[in-house]
């Protein structure tokens, strides 16, 4: 990604955060989400990161999610569906 593209993304993030009263970030922990999360946390490290636990995720994904939360220190909120396969 070019430096201009990253700065453009950061500008959009700053503008979005400035107009949001209670911002949060929903994240599936796929590559594009993790890249955006990295940029977002640089602007607002305390933002809640929401993950919807459906019961269909591979263990590797939830381990990766938990590892990133520990390493990066973000506020992870695991949301559970009322009905699940678990």
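Numbering (the numbering used here), first residue to last: 1291 to 1376. For every residue, glycine included, the Cβ atom is placed at its ideal position computed from N, Cα and C.
As assigned by DSSP and simplified to three states, the class of residue i
i: residue 1370; result: strand
i: residue 1344; result: coil
Under 8 Å between C-beta atoms of residue i and residue j
i: residue 1307; j: residue 1334; result: yes
i: residue 1366; j: residue 1319; result: no
i: residue 1340; j: residue 1358; result: no
i: residue 1314; j: residue 1337; result: yes
Residues of its chain near residue i, where Cβ-Cβ distance is below 8 Å and the 5 sequence neighbours each way are ignored
i: residue 1300; result: 1329, 1332, 1333
Range of the contiguous alpha helix (DSSP H) that encloses residue i
i: residue 1310; result: First-last for residue 1310: undefined, no H or E at that position.
i: residue 1355; result: 1349-1362
Beta bridge counterpart(s) of residue i as assigned by DSSP
i: residue 1315; result: 1339
i: residue 1328; result: DSSP, once it has assigned bridges, lists no residue as partnering residue 1328.
Close beta carbons around residue i, own chain, < 7 Å, minus the five adjacent residues each side
i: residue 1327; result: 1315, 1317, 1339
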